[in-house]
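Heads up: the structure comes next, in C-alpha coordinates.
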Amino acid sequence: MKVVFMGTPPFSVPILEALSQKYQVVLVVTQPDKPVGRKRVLTPPPVKVFAQENNLPVVQPEKVKEITQLVKDLAPDLIVTAAYGQFIPEAILKVPRHRAINVHASLLPKYRGGSPIQHALINGDKVTGITIMYMEKAMDSGDILAQRELFVDDADTSGTLFAKLSILGRDLLMETIPLLIEGKIKPVPQNPSEVSFAYNLTPSDEELDLTKGARDVYNRYRALMPEPVPFLVLKEQKIKIHKMRISSLTPKNQYGEITHVGKDYFTISCGNNSAIDILELQLPGGKVITARDFINGKLKNFR
(Lines of atoms letter the chains of each structure in order from A and count residues from 1; the text may use other names and numbers.)
(Lines give C-alpha, C1' and ligand atoms only; values in the text may rest on other atoms or scores of the structure.)
Protein backbone atom coordinates (compact mmCIF):
# COMPACT_ATOMS: atom_id res chain seq x y z
CA MET A 1 0.00 0.00 0.00
CA LYS A 2 1.34 3.42 -0.99
CA VAL A 3 1.35 6.09 1.72
CA VAL A 4 2.13 9.81 1.71
CA PHE A 5 3.21 11.03 5.16
CA MET A 6 3.06 14.62 6.38
CA GLY A 7 4.69 15.64 9.67
CA THR A 8 7.37 17.86 11.13
CA PRO A 9 8.49 17.69 14.81
CA PRO A 10 9.96 14.85 16.92
CA PHE A 11 6.38 13.74 17.69
CA SER A 12 6.01 12.67 14.05
CA VAL A 13 9.19 10.60 13.72
CA PRO A 14 8.16 7.33 15.45
CA ILE A 15 4.94 7.39 13.44
CA LEU A 16 6.81 7.78 10.15
CA GLU A 17 9.28 5.08 11.17
CA ALA A 18 6.49 2.56 11.83
CA LEU A 19 4.74 3.39 8.56
CA SER A 20 7.96 3.00 6.57
CA GLN A 21 8.56 -0.45 8.04
CA LYS A 22 5.16 -1.80 7.00
CA TYR A 23 4.03 0.21 3.98
CA GLN A 24 5.53 1.88 0.92
CA VAL A 25 6.04 5.52 1.88
CA VAL A 26 6.15 7.15 -1.55
CA LEU A 27 6.56 10.71 -0.24
CA VAL A 28 7.35 12.52 3.00
CA VAL A 29 6.12 16.11 3.27
CA THR A 30 7.51 18.37 5.99
CA GLN A 31 8.03 22.05 6.76
CA PRO A 32 10.96 24.06 5.35
CA ASP A 33 14.23 24.32 7.29
CA LYS A 34 14.10 27.11 9.90
CA PRO A 35 16.63 29.22 11.82
CA VAL A 36 17.13 27.88 15.36
CA GLY A 37 18.86 29.25 18.47
CA ARG A 38 20.63 32.50 19.18
CA LYS A 39 22.87 32.09 16.14
CA ARG A 40 19.82 31.37 13.94
CA VAL A 41 21.37 28.27 12.38
CA LEU A 42 19.22 26.93 9.52
CA THR A 43 18.03 23.57 10.83
CA PRO A 44 16.03 20.79 9.13
CA PRO A 45 12.93 19.43 10.89
CA PRO A 46 13.34 16.02 12.56
CA VAL A 47 11.09 14.35 9.98
CA LYS A 48 13.37 15.50 7.15
CA VAL A 49 16.42 14.15 8.98
CA PHE A 50 14.77 10.75 9.44
CA ALA A 51 13.56 10.64 5.83
CA GLN A 52 17.01 11.41 4.44
CA GLU A 53 18.72 8.91 6.74
CA ASN A 54 16.32 6.22 5.54
CA ASN A 55 16.29 7.12 1.84
CA LEU A 56 12.67 8.24 1.80
CA PRO A 57 11.71 10.89 -0.78
CA VAL A 58 11.06 14.17 1.03
CA VAL A 59 9.78 17.61 -0.02
CA GLN A 60 9.43 20.86 1.93
CA PRO A 61 6.91 23.14 0.24
CA GLU A 62 6.36 26.64 1.60
CA LYS A 63 2.66 26.02 0.89
CA VAL A 64 1.45 22.45 0.68
CA LYS A 65 -0.86 23.28 -2.24
CA GLU A 66 2.32 23.53 -4.34
CA ILE A 67 2.59 19.72 -4.36
CA THR A 68 -1.01 18.95 -5.31
CA GLN A 69 -0.08 17.60 -8.73
CA LEU A 70 2.84 15.61 -7.32
CA VAL A 71 0.52 13.85 -4.87
CA LYS A 72 -1.97 13.14 -7.65
CA ASP A 73 0.80 11.66 -9.80
CA LEU A 74 1.94 9.38 -6.96
CA ALA A 75 -1.65 8.14 -6.50
CA PRO A 76 -1.25 7.09 -2.84
CA ASP A 77 -3.75 4.75 -1.21
CA LEU A 78 -3.60 6.71 2.05
CA ILE A 79 -2.32 10.02 3.40
CA VAL A 80 -1.25 10.10 7.06
CA THR A 81 -0.57 13.37 8.85
CA ALA A 82 0.90 13.90 12.31
CA ALA A 83 1.72 17.42 13.52
CA TYR A 84 2.48 18.65 10.01
CA GLY A 85 1.75 22.31 10.70
CA GLN A 86 -0.20 23.46 7.63
CA PHE A 87 -3.80 23.27 6.50
CA ILE A 88 -4.08 20.70 3.72
CA PRO A 89 -6.35 21.62 0.79
CA GLU A 90 -9.26 19.41 -0.20
CA ALA A 91 -7.66 18.84 -3.59
CA ILE A 92 -4.99 16.80 -1.80
CA LEU A 93 -7.22 15.24 0.86
CA LYS A 94 -9.45 13.71 -1.83
CA VAL A 95 -6.64 11.99 -3.74
CA PRO A 96 -6.21 8.68 -1.82
CA ARG A 97 -8.83 5.96 -2.17
CA HIS A 98 -8.70 5.44 1.61
CA ARG A 99 -8.74 9.20 2.21
CA ALA A 100 -6.45 11.10 4.55
CA ILE A 101 -6.20 10.43 8.28
CA ASN A 102 -4.57 12.37 11.10
CA VAL A 103 -2.89 11.43 14.38
CA HIS A 104 -4.00 14.12 16.85
CA ALA A 105 -2.66 14.49 20.40
CA SER A 106 -5.94 14.94 22.26
CA LEU A 107 -9.26 13.22 22.82
CA LEU A 108 -11.26 15.05 20.18
CA PRO A 109 -13.45 17.04 20.03
CA LYS A 110 -11.51 18.48 22.99
CA TYR A 111 -8.51 20.61 22.01
CA ARG A 112 -8.76 21.00 18.27
CA GLY A 113 -5.76 22.96 17.03
CA GLY A 114 -2.00 23.16 17.13
CA SER A 115 -1.18 23.00 20.86
CA PRO A 116 -3.36 20.31 22.47
CA ILE A 117 -0.60 18.96 24.72
CA GLN A 118 0.26 22.37 26.14
CA HIS A 119 -3.38 23.20 26.83
CA ALA A 120 -3.98 19.87 28.56
CA LEU A 121 -1.12 20.71 30.94
CA ILE A 122 -2.13 24.34 31.45
CA ASN A 123 -5.62 23.20 32.41
CA GLY A 124 -4.31 20.52 34.75
CA ASP A 125 -5.96 17.63 32.91
CA LYS A 126 -5.42 14.23 34.51
CA VAL A 127 -6.21 12.33 31.31
CA THR A 128 -5.42 13.09 27.68
CA GLY A 129 -4.90 10.82 24.70
CA ILE A 130 -4.69 10.22 20.98
CA THR A 131 -7.34 10.45 18.28
CA ILE A 132 -7.10 8.96 14.79
CA MET A 133 -9.61 10.68 12.54
CA TYR A 134 -10.42 11.50 8.96
CA MET A 135 -9.07 14.80 7.64
CA GLU A 136 -11.63 17.40 6.62
CA LYS A 137 -11.46 21.00 5.40
CA ALA A 138 -12.25 22.39 8.86
CA MET A 139 -9.46 21.98 11.41
CA ASP A 140 -9.50 18.66 13.30
CA SER A 141 -13.21 18.22 12.62
CA GLY A 142 -13.25 14.83 10.89
CA ASP A 143 -15.03 11.69 12.03
CA ILE A 144 -13.20 9.70 14.69
CA LEU A 145 -11.75 6.31 13.74
CA ALA A 146 -10.04 5.41 17.03
CA GLN A 147 -9.10 6.89 20.40
CA ARG A 148 -6.92 5.86 23.31
CA GLU A 149 -6.48 7.54 26.70
CA LEU A 150 -3.26 8.33 28.57
CA PHE A 151 -2.91 9.24 32.24
CA VAL A 152 -1.08 12.53 32.80
CA ASP A 153 1.51 12.31 35.57
CA ASP A 154 1.95 15.36 37.80
CA ALA A 155 5.62 15.47 36.79
CA ASP A 156 4.84 15.43 33.05
CA THR A 157 5.94 18.39 30.95
CA SER A 158 5.22 19.09 27.31
CA GLY A 159 8.45 17.26 26.51
CA THR A 160 7.60 14.04 28.32
CA LEU A 161 3.97 14.10 27.22
CA PHE A 162 4.94 14.65 23.57
CA ALA A 163 7.17 11.57 23.77
CA LYS A 164 4.51 9.39 25.42
CA LEU A 165 1.75 10.47 23.05
CA SER A 166 3.97 9.97 20.02
CA ILE A 167 4.45 6.30 20.90
CA LEU A 168 0.77 5.91 21.78
CA GLY A 169 -0.20 7.54 18.48
CA ARG A 170 2.17 5.30 16.55
CA ASP A 171 0.76 2.15 18.11
CA LEU A 172 -2.88 3.18 17.71
CA LEU A 173 -2.33 4.21 14.09
CA MET A 174 -0.71 0.90 13.18
CA GLU A 175 -3.64 -0.96 14.77
CA THR A 176 -6.19 1.26 13.02
CA ILE A 177 -4.94 1.23 9.42
CA PRO A 178 -5.57 -2.49 8.72
CA LEU A 179 -9.07 -2.24 10.21
CA LEU A 180 -9.76 0.85 8.12
CA ILE A 181 -8.57 -0.82 4.91
CA GLU A 182 -10.72 -3.88 5.66
CA GLY A 183 -13.81 -1.72 6.27
CA LYS A 184 -14.10 -2.81 9.89
CA ILE A 185 -14.29 0.68 11.42
CA LYS A 186 -17.46 2.72 11.76
CA PRO A 187 -16.43 6.40 11.88
CA VAL A 188 -17.98 8.39 14.73
CA PRO A 189 -18.88 12.06 14.14
CA GLN A 190 -17.57 14.56 16.68
CA ASN A 191 -20.09 16.10 19.05
CA PRO A 192 -20.25 19.84 18.21
CA SER A 193 -21.32 20.71 21.76
CA GLU A 194 -18.06 19.30 23.16
CA VAL A 195 -15.66 21.13 20.85
CA SER A 196 -12.85 23.20 22.39
CA PHE A 197 -9.77 24.73 20.79
CA ALA A 198 -6.06 24.69 21.63
CA TYR A 199 -4.66 27.82 20.01
CA ASN A 200 -0.94 28.06 19.34
CA LEU A 201 0.83 29.69 22.28
CA THR A 202 2.38 33.14 21.83
CA PRO A 203 5.21 34.86 23.74
CA SER A 204 2.64 36.48 26.03
CA ASP A 205 1.57 32.99 27.15
CA GLU A 206 5.09 32.25 28.42
CA GLU A 207 4.81 34.41 31.55
CA LEU A 208 4.03 32.74 34.87
CA ASP A 209 1.27 34.83 36.45
CA LEU A 210 2.11 35.01 40.16
CA THR A 211 -1.32 36.43 41.02
CA LYS A 212 -2.68 32.93 40.41
CA GLY A 213 -2.37 29.98 42.74
CA ALA A 214 0.78 27.88 42.80
CA ARG A 215 -0.96 24.95 41.09
CA ASP A 216 -1.93 27.12 38.11
CA VAL A 217 1.60 28.53 37.94
CA TYR A 218 3.12 25.05 38.07
CA ASN A 219 0.78 23.74 35.36
CA ARG A 220 1.80 26.53 32.99
CA TYR A 221 5.46 25.86 33.78
CA ARG A 222 4.93 22.20 32.81
CA ALA A 223 3.32 23.24 29.52
CA LEU A 224 6.28 25.43 28.58
CA MET A 225 9.08 22.97 29.35
CA PRO A 226 11.54 22.14 27.95
CA GLU A 227 10.77 24.90 25.46
CA PRO A 228 10.20 27.76 25.07
CA VAL A 229 10.90 27.95 28.87
CA PRO A 230 8.57 30.08 31.02
CA PHE A 231 9.53 33.29 32.76
CA LEU A 232 8.36 35.35 35.69
CA VAL A 233 8.96 38.97 36.59
CA LEU A 234 10.76 39.66 39.85
CA LYS A 235 11.80 43.19 40.79
CA GLU A 236 11.02 44.22 37.20
CA GLN A 237 13.45 41.65 35.80
CA LYS A 238 12.42 38.86 33.44
CA ILE A 239 13.73 35.59 34.89
CA LYS A 240 13.45 32.29 33.05
CA ILE A 241 12.49 29.36 35.27
CA HIS A 242 14.11 26.05 34.33
CA LYS A 243 13.14 24.02 37.39
CA MET A 244 10.48 24.63 40.02
CA ARG A 245 7.93 22.91 42.23
CA ILE A 246 4.89 23.75 44.30
CA SER A 247 6.01 24.84 47.76
CA SER A 248 4.69 23.29 50.95
CA LEU A 249 4.79 26.75 52.56
CA THR A 250 1.72 28.98 52.81
CA PRO A 251 3.07 32.54 52.95
CA LYS A 252 0.87 35.49 53.82
CA ASN A 253 2.97 37.89 51.75
CA GLN A 254 1.77 39.70 48.68
CA TYR A 255 2.34 37.69 45.50
CA GLY A 256 5.68 38.01 43.74
CA GLU A 257 7.94 38.25 46.78
CA ILE A 258 10.78 36.00 47.91
CA THR A 259 9.48 34.73 51.23
CA HIS A 260 11.90 31.95 52.18
CA VAL A 261 15.44 30.85 51.34
CA GLY A 262 16.49 27.22 51.68
CA LYS A 263 19.80 25.50 51.05
CA ASP A 264 19.21 24.82 47.35
CA TYR A 265 15.95 26.64 46.60
CA PHE A 266 14.09 29.84 47.33
CA THR A 267 10.37 30.43 47.65
CA ILE A 268 8.23 32.99 45.83
CA SER A 269 4.72 33.84 46.98
CA CYS A 270 1.77 33.37 44.62
CA GLY A 271 -1.95 34.03 44.82
CA ASN A 272 -4.31 32.24 47.21
CA ASN A 273 -1.68 32.11 50.00
CA SER A 274 0.38 29.64 47.98
CA ALA A 275 3.98 29.58 46.81
CA ILE A 276 6.49 28.02 44.43
CA ASP A 277 10.05 26.87 45.06
CA ILE A 278 12.66 27.81 42.44
CA LEU A 279 15.53 25.36 41.88
CA GLU A 280 17.07 26.46 38.55
CA LEU A 281 16.79 29.80 36.79
CA GLN A 282 18.30 32.10 34.20
CA LEU A 283 18.80 35.81 34.70
CA PRO A 284 18.64 38.22 31.73
CA GLY A 285 21.69 37.72 29.52
CA GLY A 286 23.04 34.95 31.72
CA LYS A 287 23.34 31.19 31.71
CA VAL A 288 21.20 28.68 33.59
CA ILE A 289 22.22 28.57 37.27
CA THR A 290 21.10 26.68 40.34
CA ALA A 291 19.10 28.37 43.05
CA ARG A 292 22.07 27.87 45.37
CA ASP A 293 24.32 29.92 43.06
CA PHE A 294 21.61 32.58 42.87
CA ILE A 295 21.27 32.66 46.65
CA ASN A 296 25.02 33.00 47.12
CA GLY A 297 25.46 35.72 44.51
CA LYS A 298 22.41 37.60 43.22
CA LEU A 299 19.71 37.17 45.86
CA LYS A 300 20.45 40.48 47.57
CA ASN A 301 19.38 42.33 44.42
CA PHE A 302 15.88 40.82 44.55
CA ARG A 303 14.82 41.36 48.16
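Per this note's numbering, the sequence shown starts with residue 97, numbered consecutively.
Glycine included, C-beta positions come from ideal geometry on N, C-alpha and C.
This structure is a prediction, so every number in the text was calculated from the model and none was measured.
Tell me, to the nearest whole angstrom, how far the beta carbon of residue i is from that of residue j; I am working on the premise that it is less than 8 angstroms.
i	j	result
isoleucine 372	serine 343	6 angstroms
tyrosine 207	serine 292	6 angstroms
isoleucine 175	alanine 196	4 angstroms
alanine 201	leucine 261	5 angstroms
For residue i, which residues of its own chain have a beta-carbon under 7 angstroms away from its beta-carbon, when the five flanking residues on both sides are left out?
i	result
tyrosine 119	Met97, Val99
valine 384	His338, Glu376, Gln378
lysine 233	Glu186
arginine 193	Asp173
aspartate 221	Val248
How long is the line joining the alpha carbons of residue i and residue j, rounded to whole angstroms?
i	j	result
aspartate 360	leucine 304	21 angstroms
leucine 297	glycine 181	14 angstroms
phenylalanine 107	valine 199	10 angstroms
phenylalanine 362	alanine 114	45 angstroms
valine 143	valine 121	13 angstroms
glutamate 302	proline 212	16 angstroms
asparagine 349	arginine 399	13 angstroms
arginine 136	proline 324	15 angstroms
Going by DSSP, name the residue or residues bridged to residue i.
i	result
phenylalanine 327	Glu303, Lys336
valine 125	Met102, Val155
phenylalanine 247	Val223
arginine 208	Phe293
isoleucine 252	For the sequence presented, residue 252 should be read as aspartate rather than isoleucine. Paired residue(s): none; aspartate 252 is not in a bridge.
Let me check understanding here. Comparing Cα to Cα, which of the options lies closest to residue i?
i	options	result
arginine 134	Ala147, Gly381, Val167	Gly381
isoleucine 218	Glu245, Val329, Arg244, Asp250	Asp250
glutamine 333	Arg341, Met340, Glu353	Glu353
threonine 224	Leu203, Leu395, Ser237, Asp236	Leu203
leucine 257	Met321, Gly367, Tyr230, Asp389	Met321
leucine 74	Ala179, Val191, Asn287	What is shown of the chain runs 97 to 399, which leaves residue 74 out entirely.
tyrosine 317	Ser254, Met235, Val132	Ser254
proline 110	Leu123, Ala242, Met270	Met270
glycine 103	Lys159, Gly238, Thr177, Leu276	Thr177
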